[in-house]
Amino acid sequence: MFDPVALPFIFAALMGVSILLYVVLDGFDLGVGLLFPFADEDERDRMIASIGPFWDANETWLVLAIGLLLVAFPVAHGDILTALYLPVAVMLIGLILRGVAFEFRAKAPLGHKKPWDVAFWAGSLMTALSQGFMLGMYVMGLEWTWAKVGFATLTAGALAVAYSFIGAGWVILKTDGALQRKAVDWAKGGIWGIVLGMGAVSAATPLVSQRIFDKWFSFPEVALLAPLPLVSGGLVVALWYVLRRLPMEEDRLAWFPFVGATALMVLGFCGMAYSFYPYIVPEQMTIWEAASSTEALSIILVGTLFVLPVILGYTVLAYFIFRGKATKLSYD
Amino acid sequence: MDTLLLSRIQFAANISFHILFPTITIALGWVLLFFKVRFNRTKDRKWMDLYMFWVKVFALSFAMGVVSGITMSFQFGTNWPGFMETVGNVAGPLLAYEVLTAFFLEAVFLGIMLFGASRVPGWLHTMATTLVAFGTTMSAFWILVLNSWMHTPAGYELVDGVVVATDWWAIIFNPSMPYRLVHMLLASGLTVAFLIAGLSAYRWLRGDRAPAVATGLRVGVMLGAVLIPIQILAGDMHGLNTLEHQPQKVAAMEGNWETQSHVPLLLFALPNEETRSNSFEIGIPSLASVILKHDPAGVVPGLNDFVAEDGTVMHPPVAPVFWSFRVMVGIGMAMLVVAWAGVYLMWRRGADALPRPYLWGLTGMSFAGWGATLAGWYTTEIGRQPWLVQGVLTVKEAVGDIASGMVLSTLIAYLAVYAVLLAAYIGVIFHLARRGGVLYEPVASPGMQPVTRAGVHPAE
Chain A
153 MFDPVALPFI
163 FAALMGVSIL
173 LYVVLDGFDL
183 GVGLLFPFAD
193 EDERDRMIAS
203 IGPFWDANET
213 WLVLAIGLLL
223 VAFPVAHGDI
233 LTALYLPVAV
243 MLIGLILRGV
253 AFEFRAKAPL
263 GHKKPWDVAF
273 WAGSLMTALS
283 QGFMLGMYVM
293 GLEWTWAKVG
303 FATLTAGALA
313 VAYSFIGAGW
323 VILKTDGALQ
333 RKAVDWAKGG
343 IWGIVLGMGA
353 VSAATPLVSQ
363 RIFDKWFSFP
373 EVALLAPLPL
383 VSGGLVVALW
393 YVLRRLPMEE
403 DRLAWFPFVG
413 ATALMVLGFC
423 GMAYSFYPYI
433 VPEQMTIWEA
443 ASSTEALSII
453 LVGTLFVLPV
463 ILGYTVLAYF
473 IFRGKATKLS
483 YD
Chain B
5 MDTLLLSRIQ
15 FAANISFHIL
25 FPTITIALGW
35 VLLFFKVRFN
45 RTKDRKWMDL
55 YMFWVKVFAL
65 SFAMGVVSGI
75 TMSFQFGTNW
85 PGFMETVGNV
95 AGPLLAYEVL
105 TAFFLEAVFL
115 GIMLFGASRV
125 PGWLHTMATT
135 LVAFGTTMSA
145 FWILVLNSWM
155 HTPAGYELVD
165 GVVVATDWWA
175 IIFNPSMPYR
185 LVHMLLASGL
195 TVAFLIAGLS
205 AYRWLRGDRA
215 PAVATGLRVG
225 VMLGAVLIPI
235 QILAGDMHGL
245 NTLEHQPQKV
255 AAMEGNWETQ
265 SHVPLLLFAL
275 PNEETRSNSF
285 EIGIPSLASV
295 ILKHDPAGVV
305 PGLNDFVAED
315 GTVMHPPVAP
325 VFWSFRVMVG
335 IGMAMLVVAW
345 AGVYLMWRRG
355 ADALPRPYLW
365 GLTGMSFAGW
375 GATLAGWYTT
385 EIGRQPWLVQ
395 GVLTVKEAVG
405 DIASGMVLST
415 LIAYLAVYAV
425 LLAAYIGVIF
435 HLARRGGVLY
445 EPVASPGMQP
455 VTRAGVHPAE
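Protein chains in written order, with my numbering: chain A, 153 to 484; chain B, 5 to 464.
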């Protein structure tokens, strides 16, 4: 048996890590999908090849995150998902379209490839927008008023742009030549969306909640937390500086846009996690109020502690096997 | 229509669509491993051809299964919040273990299995194939554990209306789990057997004389012929297990209203819930008693035992259970006849001289496994009504409070997407069969290639 006070915290942390991994990993998959209309057919094949071996495992982090919400915080799970009924449905249909289009575009009769490319893009867009919308609604306390829906619409667009940015970073890392140069341009365009999106969420959260405002702007918190926005700002400047000089000789710094985008997402996520802790349903239900029985959490934790390192291990193995520039996918 | 009914239809649509694809991938993973090992042993190219063809079907089916499975995990929360709130302490860990032990395993090694053959040593590729097959089976195991527990809950106690686990061994090995798991794994094997036989027959009829086609025919028919009698036996044992733990379901399957002896086996009947009797029936006297009790005078429970004093009906709707059971058994019998006839014909004439009508018959039964599997699931799941978790939670208590218009709109959207995808899936599978499994995209890597040899070989 584990400590009944620590357990919900551990599970909240595990869920947070899963969500973060999902947002970064499937974020670049979705971003690649969002960038599809800007690429020609051959480039699309290479973009698909760069994510083909990974996307399925990447999406599994979403299953784990929602699974942890479901199993560790069943009451919150029901509350959050029924409040977000429609955007969840849009996301699911988007994930369906995106996921099957991978397969169909390669296996369908010749003339059918184009429609499946459209489905791949549309599915990625529906997924990104609905996730951004849900993020916005969550920040706003899951209330359906015009102002809050308006804010959520803004975060929907911002998250889609952020995904495109990290997707472009991934394409820069995994390709070369004309496609890589194109991806640098996409990234340059996307960086403004990131600034806007992170800015909007950072500005709105303390304004809707006095509690969160106090958490950030009282002393000494404000000093301790200062590195978060400062490092983010520095990263944006560095990204802009590097992007203007890419591609470089011998592919130097081609990794930086992707890593920089990942770091930005991690920072933004930490800020949000700090704001909302200890609530799982904003301002209504804490992680302790929503948690399952200690007994059930213990039995999951044992398995998780044992299995998670193994999962991380073979995930790293997969990325290692498919390291380097993406080549055309083949079954041989 | 009310939210409860719409939510039920939506969940039924989602889970029906979903189960089609795991039913293929669970067994196909092992069949792929068989092809791969045969190739490693014999170095005969036809085995690699078979692997290359069916790995594409596997990849497509897997993707369909993954995306429709994610939909399910969200629907627990969006439509059935009462489920996790009441039984989350049991269902949660089981689902978590599925994700942790199976989902990631399959998903990560699938990438290596599909695209890694030229990047990793042969043994690692074979291992990846093994782990994917193992992962799909583990996934089936955990889901069947949870599903069986919903039918025959054990190892728990109710504290303030919430289920608390008391004995995990009893929860996992709950009374119906072994039977249900075996029944489902065999169903998957049969589905794949008939799919392989059917598509191979189709390729043969189209004039494709690649060695892999005749071998595929043989593998499919033989697998089907071996599995179907085992499945009939396992199904019978599963039925006896259900009689013990959920007699109201068996009563509905048999269309038996009164508890009595000498119950006939009804071949056809029109169960009528208004009159609480069958409007019309054709049956074989006493045979249901013989099957269920191994005695013509055996007493079989009737539906009228499951009506509460106040008239509340606590048994499932009779006609859907009665009929889906007959559809399942009917398809199973057809499988038995077709598979054994195939073995006989192959023994007399060889796999390359099967009569065309027989081959058309096999082609027509390519997706027969789907029909039987769905009918079987409808029998057991509708047969669980009105309970969500037998004796613990009714479906009505678990449904979420969502505007019915909203559920209706998402239901229509799901149905439209599923209809298009199902048509596309079947279309692409037959398209692959016509192309001998070769994709249009040029294959870049040197070495073992399907391109040079796999095109359609003209008939002699």
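The beta-carbon is built from N, C-alpha and C at its ideal position, and this holds for glycine as well. No experiment lies behind these values; they were computed from the predicted model shown.
In whole angstroms, what separates the C-alpha of residue i from that of residue j?
| i | j | result |
| --- | --- | --- |
| G395 (chain B) | I232 (chain B) | 33 angstroms |
| T367 (chain B) | Y206 (chain B) | 6 angstroms |
| V94 (chain B) | A448 (chain A) | 7 angstroms |
| E195 (chain A) | F119 (chain B) | 19 angstroms |
| P399 (chain A) | V336 (chain A) | 8 angstroms |
| L8 (chain B) | T384 (chain B) | 20 angstroms |
| A217 (chain A) | I171 (chain A) | 6 angstroms |
| H461 (chain B) | D212 (chain B) | Model confidence at H461 (chain B) stands at a pLDDT of 41, short of 50, so the residue's coordinates are unreliable; what they give is reported in the following sentence. Distance between the alpha carbons of H461 (chain B) and D212 (chain B) is about 5 angstroms. |
| P450 (chain B) | L405 (chain A) | With a pLDDT of only 35 at P450 (chain B), under the threshold of 50, the placement of this residue in the model should not be trusted, and no figure is reported. |
| M339 (chain B) | I433 (chain B) | 21 angstroms |
| K326 (chain A) | F317 (chain A) | 14 angstroms |
| P487 (chain A) | A355 (chain A) | Any answer about residue 487 (chain A) is impossible in this case: the structure gives chain A only from 153 up to 484. |
| H22 (chain B) | G69 (chain B) | 6 angstroms |
| R475 (chain A) | V462 (chain A) | 20 angstroms |
| S20 (chain B) | T377 (chain B) | 10 angstroms |
| T279 (chain A) | Y101 (chain B) | 26 angstroms |
Specify, as a first and last residue, the run of the beta strand (DSSP E) that residue i falls within.
| i | result |
| --- | --- |
| L1 (chain B) | The structure shown does not extend to residue 1 (chain B), since chain B spans only 5 to 464, so no value can be given for it. |
| F284 (chain B) | 281-288 |
| W381 (chain B) | Careful: W381 (chain B) lies outside any beta strand (DSSP E), inside the alpha helix (DSSP H) at 372-386. |
| L236 (chain A) | No beta strand (DSSP E) contains L236 (chain A), which DSSP labels as neither H nor E. |
Measure the Cβ-Cβ separation of residue i and residue j and say whether it is below 8 angstroms.
| i | j | result |
| --- | --- | --- |
| S276 (chain A) | P239 (chain A) | no |
| Y290 (chain A) | M410 (chain B) | no |
| W208 (chain B) | L190 (chain B) | no |
| V91 (chain B) | V167 (chain B) | yes |
| S450 (chain A) | F154 (chain A) | yes |
| V304 (chain B) | L291 (chain B) | no |
| G287 (chain B) | L271 (chain B) | yes |
| V223 (chain A) | L99 (chain B) | yes |
| G159 (chain B) | A174 (chain B) | yes |
| G284 (chain A) | G309 (chain A) | yes |
| T263 (chain B) | G302 (chain B) | no |
| K334 (chain A) | L395 (chain A) | no |
| L184 (chain B) | L227 (chain B) | According to the sequence shown, residue 184 (chain B) is Arg rather than Leu. Not in contact: R184 (chain B) and L227 (chain B) (Cβ atoms no closer than 8 angstroms). |
In terms of alpha-carbon separation, which member of the options lies closest to residue i?
| i | options | result |
| --- | --- | --- |
| M154 (chain B) | B:P215, B:P305, B:I176, B:I116 | B:I176 |
| A323 (chain B) | B:A273, B:L349, B:M339 | B:A273 |
| M88 (chain B) | B:V399, B:S192, B:S290 | B:V399 |
| C422 (chain A) | A:M167, A:P226, A:F254 | A:M167 |
| F256 (chain A) | A:V270, A:I245, A:L244, A:M243 | A:V270 |
| Y315 (chain A) | A:L177, A:K300, A:A375 | A:L177 |
| D53 (chain B) | B:D240, B:T219, B:Q235 | B:T219 |
| L244 (chain B) | B:S192, B:T195, B:H187, B:P275 | B:H187 |
| M350 (chain A) | A:D197, A:L249, A:P261, A:M424 | A:M424 |
| F180 (chain A) | A:G412, A:F369, A:A158 | A:G412 |
| I74 (chain B) | A:L249, A:Q436, A:P205 | A:L249 |
Kindly identify the DSSP beta-bridge partner or partners of residue i.
| i | result |
| --- | --- |
| A169 (chain B) | B:Y160 |
| M437 (chain A) | A:V433 |
| V317 (chain B) | B:V311 |
| W344 (chain A) | DSSP, once it has assigned bridges, lists no residue as partnering W344 (chain A). |
| W84 (chain B) | Beta-bridge pairing links W84 (chain B) to no other residue. |
| Q264 (chain B) | B:V304 |
| V393 (chain B) | B:L397 |
Taking the alpha helix (DSSP H) that residue i belongs to, which residues open and close that run?
| i | result |
| --- | --- |
| V196 (chain B) | 181-209 |
| H249 (chain B) | 215-249 |
| W351 (chain B) | 322-353 |
| A470 (chain A) | 446-473 |
| H129 (chain B) | 126-155 |
| L405 (chain A) | Taken as a continuous stretch (DSSP letters only), L405 (chain A) belongs to no alpha helix (DSSP H), as it is neither H nor E. |
| L222 (chain A) | 207-224 |
| G302 (chain A) | 298-326 |
| N178 (chain B) | From DSSP, N178 (chain B) is part of no alpha helix (DSSP H); its letter is neither H nor E. |
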